[in-house]
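Enquirer: Below is a structure I'd like to ask you about.
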Amino acid sequence: MTVNDDYAMTIDGKAVLSEKVIKVINPANGKIFAEAPDCSAEQLDEAVTAAQSAFRNWRDTPIKERQAMVRKAGDLLIEHAAELSRLFTREQGRPVDAAAMEIQGAGTWMHAVAEMTPPVHVSADTETEFVETRYVPLGVICAIAPWNFPVNLAMWKVAPALVAGNTMVLKPSPFTPLCTLKIGQLLNGIFPPGVFNVISGGDDLGPMMTSHPGFAKISFTGSTATGKRVMESASKGLKRLTLELGGNDAAIVMPDVDLDEVAAKIFFGAFFNTSQICVATKRLYVHEIIYDDLRDRLAAIAEATKVGDGTEQGTVLGPIQNQRQYERVLDLMKDARDTELTMIQGSAVPKNGGYFIPITIVDNPPEDSRVVQEEAFGPILPMLKFSDIDDVIERANNSDYGLAGAIWSKDTDKAMEIARRIETGTVWINQNLMLRPDTAFGGHKQSGFGVENGMDGLLEYMAPQAVYLAR
Numbered sequence: 086m087t088v089n090d091d092y093a094m095t096i097d098g099k100a101v102l103s104e105k106v107i108k109v110i111n112p113a114n115g116k117i118f119a120e121a122p123d124c125s126a127e128q129l130d131e132a133v134t135a136a137q138s139a140f141r142n143w144r145d146t147p148i149k150e151r152q153a154m155v156r157k158a159g160d161l162l163i164e165h166a167a168e169l170s171r172l173f174t175r176e177q178g179r180p181v182d183a184a185a186m187e188i189q190g191a192g193t194w195m196h197a198v199a200e201m202t203p204p205v206h207v208s209a210d211t212e213t214e215f216v217e218t219r220y221v222p223l224g225v226i227c228a229i230a231p232w233n234f235p236v237n238l239a240m241w242k243v244a245p246a247l248v249a250g251n252t253m254v255l256k257p258s259p260f261t262p263l264c265t266l267k268i269g270q271l272l273n274g275i276f277p278p279g280v281f282n283v284i285s286g287g288d289d290l291g292p293m294m295t296s297h298p299g300f301a302k303i304s305f306t307g308s309t310a311t312g313k314r315v316m317e318s319a320s321k322g323l324k325r326l327t328l329e330l331g332g333n334d335a336a337i338v339m340p341d342v343d344l345d346e347v348a349a350k351i352f353f354g355a356f357f358n359t360s361q362i363c364v365a366t367k368r369l370y371v372h373e374i375i376y377d378d379l380r381d382r383l384a385a386i387a388e389a390t391k392v393g394d395g396t397e398q399g400t401v402l403g404p405i406q407n408q409r410q411y412e413r414v415l416d417l418m419k420d421a422r423d424t425e426l427t428m429i430q431g432s433a434v435p436k437n438g439g440y441f442i443p444i445t446i447v448d449n450p451p452e453d454s455r456v457v458q459e460e461a462f463g464p465i466l467p468m469l470k471f472s473d474i475d476d477v478i479e480r481a482n483n484s485d486y487g488l489a490g491a492i493w494s495k496d497t498d499k500a501m502e503i504a505r506r507i508e509t510g511t512v513w514i515n516q517n518l519m520l521r522p523d524t525a526f527g528g529h530k531q532s533g534f535g536v537e538n539g540m541d542g543l544l545e546y547m548a549p550q551a552v553y554l555a556r
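Using our numbering, the first residue of the sequence shown is number 86, and each one after it goes up by one.
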């Protein structure tokens, strides 16, 4: 076999290689540095069969035992975060310290989910009858994780699915398979064989999974365009779905803010992880009274922020993760230049074959420009002026997406009023990118449907079962 044993899949508790491999590229230099298995249709069948067989015992395992195993899995992620972080940086691009934070955060997230127990609702308890509604697991879960937060967003699916009593086959993005494969091996000693399977592969594997009859549910995080294809494929078997898709998130900055206090927070709410965050600020509406001052402050932060290889000292933002996305962002920048929009760019980026793009602020572009209407998923932030609050709320809501939004104001009562009018699943006030494992997260409109996190997210992996007893 040509694939490195270190990057084996985990199927039915065993390390499994493959006849074919996929190449893994370091986005900081554009060079191949590793190979990962390319799962075959037969190996996918083996993984699903193993998960189906394991489900029979796993669903009957007391929930406290399942919770304890998920908690232990979180311990292992935290314990091995430093070891995994450099591999994470090589495949994903984010600086090492921030990579370690994601892996540690995924572990603490698993701890929180392991404390959750589904409710039992009693609707009748009399001399003649007893009626309760309890929640039961679905079966085998197909989990497909993205490349922008490959560990954290995978564990968002793993933890609740396994606590709920399901088994799983997890597929990482073909751009970032390595840490997830390592985690599959790392957790192999915790869960019984077949409960948690990890496979990897190229673009053909996802459609093979979503159309596979052995899955009871698909949990997918990725683009809206791909989400639509997942939904179409799943419809043939009436599989349950959770889709966490794209966003073109708007932030509204009111004229009463303290710019010294909020400028850096607004900046990193837009540019953290090189803007490769579904809930990052992607449209920044700023009151005209403070527009110039905030623009200049953001430009100064951009100039002072080092963009480069995540393994280098002082790097704050890394490259775009893959060439496909890099070319999309370049095309958006070309359109901005061709339409003579004003672009303010930050510090110089490396010219070494890596997928680097300078931090870019687009100065008050037209509302109908591509850079405003499209989700960049890269470090291009359109800043737009407003003067009337009703007008800016209408502009913020004028999108096919509805994932998250933010409001910045000292008047928190007014900000709460605005928040209630924003058509998104999450709204932040005077903060950004804050998510909690005990709080539901989901999108409106074409940002998806279904819920992750919180008790709502746990119950997405279960089905209600009403039991009627005649006494």
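Yeah, the Cβ is synthetic: ideal placement off N, Cα and C, and Gly gets one too.
All figures in this text were calculated on a predicted structure; none of them were measured in a lab.
Could you pull out every unbroken beta strand (DSSP E) segment of at least 3 residues lying fully inside the region 431-462, listed in chain order?
Expert: Runs of the beta strand (DSSP E) inside the region 431-462: 445-448.
Enquirer: Short of 6 angstroms in beta carbon distance, which residues of its chain neighbour Ser258, apart from the five on each side in sequence? Order them along the chain.
Expert: Taken in chain order, the residues that qualify are Pro231 and Trp232.
Enquirer: Could you compute how far the alpha carbon of Thr87 sits from the alpha carbon of Val342?
Expert: For Thr87, the predicted model reports a pLDDT of 35, less than 50, meaning its position is unreliable and no value from the coordinates is stated.
Enquirer: For the beta strand (DSSP E) containing His196, name the first residue and the last one.
Expert: Per DSSP, His196 belongs to no beta strand (DSSP E); it is in the alpha helix (DSSP H), Val181 to Val198.
Enquirer: Between the region 410-426 and the region 448-463, do three or more beta carbon pairs fall short of 8 angstroms?
Expert: A contact exists between the region 410-426 and the region 448-463.
Enquirer: Would the region 208-227 count as touching the region 249-256 if we require 3 or more Cβ pairs under 8 angstroms?
Expert: Enough Cβ pairs lie closer than 8 angstroms, so yes.
Enquirer: Using beta carbons (cut-off 8 angstroms, strictly below), is Gly224 in contact with chain D?
Expert: The chain inventory of the structure shown lacks chain D, comprising one protein chain alone.
Enquirer: Evaluate the contact criterion for the region 147-160 versus the region 111-127: three or more CB pairs, one atom per stretch, below 8 angstroms.
Expert: No, the region 147-160 does not touch the region 111-127.
Enquirer: If you measure between the beta carbons of Leu460 and Tyr486, is that distance less than 8 angstroms?
Expert: Inspection of the sequence shows that residue 460 is occupied by Glu rather than by Leu. Yes, they are a contact pair.
Enquirer: Hey, which unbroken runs of the alpha helix (DSSP H) at 4 residues or more fall wholly within the region 480-513?
Expert: Fully enclosed alpha helix (DSSP H) runs of 4 or longer: 497-505.
Enquirer: Can you tell which of Leu326, Ala191, Arg171 and Gln408 has the C-alpha that lies nearest to the C-alpha of Ile163?
Expert: That would be Ala191, whose Cα lies nearest to the Cα of Ile163.
Enquirer: Kindly identify the DSSP beta-bridge partner or partners of Ala335.
Expert: In DSSP, Ala335 forms a bridge with Arg368 and Gly490.
Enquirer: Taking the alpha-carbon positions, what's the Asn89 to Ala319 distance?
Expert: Caution is warranted here: a pLDDT of 44 is assigned to Asn89, below 50, making its placement in the model unreliable, and the coordinate value is therefore given only provisionally. C-alpha separation (whole angstroms): 33 angstroms.
Enquirer: If you count every other CB in all the chains shown that lies within 10 Å of the CB of Arg175, and 16 or more means buried, which is it?
Expert: Buried, since its Cβ has 16 or more Cβ neighbours within 10 Å.
Enquirer: Would you kindly work out how many angstroms separate the C-alpha atoms of Gly542 and Val198, rounded to a whole number?
Expert: In a straight line, the C-alpha of Gly542 is about 10 angstroms away from that of Val198.
Enquirer: Quick check on the DSSP output: the alpha helix (DSSP H) that includes Gln408 runs from which residue to which?
Expert: First-last of the alpha helix (DSSP H) with Gln408: Gln408 to Asp423.
Enquirer: Would you report the Cα separation of Ala384 and Glu346, rounded to the nearest angstrom?
Expert: Rounded to whole angstroms, Ala384 to Glu346 spans 16 angstroms at the Cα level.
Enquirer: Looking at the unbroken beta strand (DSSP E) that takes in Gln550, where does it start and where does it end?
Expert: That run of the beta strand (DSSP E) goes Met547 to Ala555.
Enquirer: Between Glu131 and Ile188, which are expected to be in contact by the criterion C-beta below 8 angstroms, what is the C-beta distance as a whole number of angstroms?
Expert: The Cβ separation is near 28 angstroms, so there is no contact.
Enquirer: Answer with buried or exposed for Ser360, where buried requires no fewer than 16 other C-beta atoms within 10 angstroms of its C-beta.
Expert: It is buried - the Cβ of Ser360 has at least 16 other Cβ atoms within 10 Å.
Enquirer: Check the DSSP bridge columns for Val243 and list the partner residues they point to.
Expert: Its beta-bridge partners do not exist; DSSP assigns none.
Enquirer: What separation, rounded to the nearest whole angstrom, lies between the Cα atoms of Glu508 and Gly533?
Expert: So the two alpha carbons sit approximately 13 angstroms from each other.
Enquirer: Starting from Pro222, follow its DSSP beta bridges and name the residues at the other end.
Expert: Met547, per the DSSP bridge assignment.
Enquirer: Taking 8 angstroms as the cut-off, decide whether the C-beta atoms of His148 and Thr202 are in contact.
Expert: In the sequence as displayed, the identity of residue 148 is Ile instead of His. In contact: Ile148 and Thr202 (Cβ atoms closer than 8 angstroms).
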